[in-house]
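For reference, the structure is listed below as C-alpha cells.
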Amino acid sequence: MSDSINNTSYQLDDLVVERCVEIHEFEEGSPRASFNGLVEDAPRTNTSVVNGLSQQLIYQINLIVPNALVSFDDLDVKLGDAAYPFVPPTAKLGLQKAIERRGVTLVVNSAYRTLAQQMLLFNAKKRGENPNPVAAPGKSNHQSGLAVDIEDREGWLPFLQGTGWERLGGDPPHIDYRGQGARDLRQETILAFQQLWNKNHPNEKIYEDGDWGPKTESALNRSPATGFNIAPWDDKPRILRLSKPLMEGADVLKLQKKLQAAGFAISAADGVFGPGTDKAVKEFQKQKNLTADGLVGSRTLELMA
Ligand SMILES: [Zn+2]
C-alpha cells in the first residue's frame, strides 16, 4: 500500500503557495558549509548544505526520464548559491535565445529545487524557524523543473516572448516554462529519491510510487546530506567538470587522489570539484596530449589509472 494513503495532512500542503522572494530571503547570506550528517540535523540556513545528495537526486531523475534536466550553467548567467540551473533542453534553448537577444547576464536566484532542499525548507517551517509558506517536498512548483526565479523579470519578459517562458504562478521573480517539451517532474522528483533510498537500504525498502508520505519523509530525513554510499553514477561514471553548483562526491575524491598520486598539486582532496581540481585536470590533459577542456570523461580517467 502506498505510504501516502491515509495521509490527509499532506493534501493541504498541495495548496500552499510559496512566495519565491521570501524563500530567497530565508536562504541568503550563509556561506556554503560542509556538513557530514543527516538531512534532519542539517543547518537549515542555506539549502546548499545538501549539495551532495541534491546532485545524486538530479542524476537519478535523468535515469528515470533520459535528458529530462540539463544544466544551463554554461549560458551567460549569474547563479545564486543554492540554485540548481536545471531545466528541460527546450527550456534551456528558450533562455539562451532571450539572453542572446538582450545581450546581458541573466541573474538566477533559484531554478530546480531538489527534494532534499525542499525538505530543509519544510523542516524549518515545521520547527517554527521559517514564517513563510512552504510546500511539502515534491509539491513545490520549483520541483517541476519548469520554474526559474530571475532578477528584473519585467525587463526580461519582452525578450522571453515566444520562447515558451511566461509569467504564470508565483511572485515577481518567477517565470514558468510551458513550451515544447515541458514536463512536470514533481512525481519523478519523489520517485528518484525513493529509488536511491531503496538501492542503499535493501532491508528497509519504501514504496516507489512517486508520492510524498510519512515513510518517504522519514527516510529523507535520515539520508546523508553528502549523498548515499551507492551513487546513481556508480554503474556508468558521470563526466566530472567545474560546474555550478560544484560537483561533489566519492567520484570527485577518487579523481583528486589520482591527480595527487600523479604529482599534481591539489591543496585539499575534499571531494569537491573546485577551481584547483579543474586546473590540475587541465594540466594533466595537456601532459597527455588530450584536449585540455577540464572534462573528466572515460578517456582522461583511463590515462590516470
Ligand atoms: Zn519561483
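For the sequence shown, counting from 1, position 270 maps to 394 in the working numbering; every step adds exactly one. Ideal Cβ placement from N, Cα and C applies to all residues, glycine included. Please read all numbers here as calculations on a predicted model, not as lab measurements.
> Which ranges does the alpha helix (DSSP H) cover as unbroken runs of at least 4 residues, wholly within the stretch 249-297, from first to last along the chain?
Replying inline: 277-284
>> Can you tell me whether Pro338 is helix, strand or coil according to DSSP?
In response: Numbered from 1 along the sequence shown, position 214 holds the residue referred to as residue 338. Helix.
> Mind checking whether Pro213 and Val194 have CB atoms under 7 Å apart?
Replying inline: Numbered from its first residue, the sequence shown carries residue 213 at position 89. Numbered from its first residue, the sequence shown carries residue 194 at position 70. It is a contact, given that the beta carbons lie within the stated cut-off.
> Going by other Cβ atoms of all chains shown within 10 Å of its Cβ, with 16 needed for buried, is Val228 buried or exposed?
Replying inline: What you label residue 228 is simply residue 104 of the sequence shown in a count that begins at 1. Classification of Val228: exposed, given that the 10 Å Cβ count is below 16.
> Looking at Gly303 and Asn265, is the spacing between their C-beta atoms short of 7 Å?
Replying inline: The residue given as residue 265 occupies position 141 in the sequence shown. The residue given as residue 303 occupies position 179 in the sequence shown. No, they are not a contact pair.
> Relative to ligand 1, is the shortest distance from any of its heavy atoms to the C-beta of His325 smaller than 6 Å?
Replying inline: Looking up residue 325 in the sequence shown gives position 201. False, no ligand heavy atom lies under 6 Å from that Cβ.
> Would you call the stretch 359-366 and the stretch 337-350 in contact, with 3 or more CB pairs under 8 Å?
Replying inline: no
> DSSP state of Ile299, grouped into three classes?
Replying inline: Position 175 of the sequence shown, counted from the start, is the residue given in the question as residue 299. Strand, per DSSP.
>> ligand 1 and His298: does the residue's C-beta get closer than 6 Å to at least one heavy atom of that ligand?
In response: Your numbering for residue 298 matches position 174 in the sequence shown. Checking every heavy atom of ligand 1 against the Cβ of His298, one is found closer than 6 Å.
> In three-state terms, what does DSSP make of Tyr236?
Replying inline: Start at 1 with the first residue of the sequence shown, and residue 236 comes out as number 112. Strand, per DSSP.
> Measuring CB to CB, does Ala389 end up less than 7 Å from Lys381?
Replying inline: As a working note, residue 389 is residue 265 in the sequence shown. As a working note, residue 381 is residue 257 in the sequence shown. Not a contact, by the Cβ cut-off of 7 Å.
>> Can you tell me whether Phe246 is helix, strand or coil according to DSSP?
In response: Reading the sequence shown from its first residue, position 122 is the one you call residue 246. Helix.
> Which residues in the same chain as Gly164 place their Cβ atom closer than 6 Å to its Cβ, once the five residues preceding and following it in sequence are excluded?
Replying inline: In the sequence shown, residue 164 corresponds to position 40, counting from 1. Before going further, note that residue 164 is Glu rather than Gly in the sequence given. Cβ within range, chain order: Asn345.
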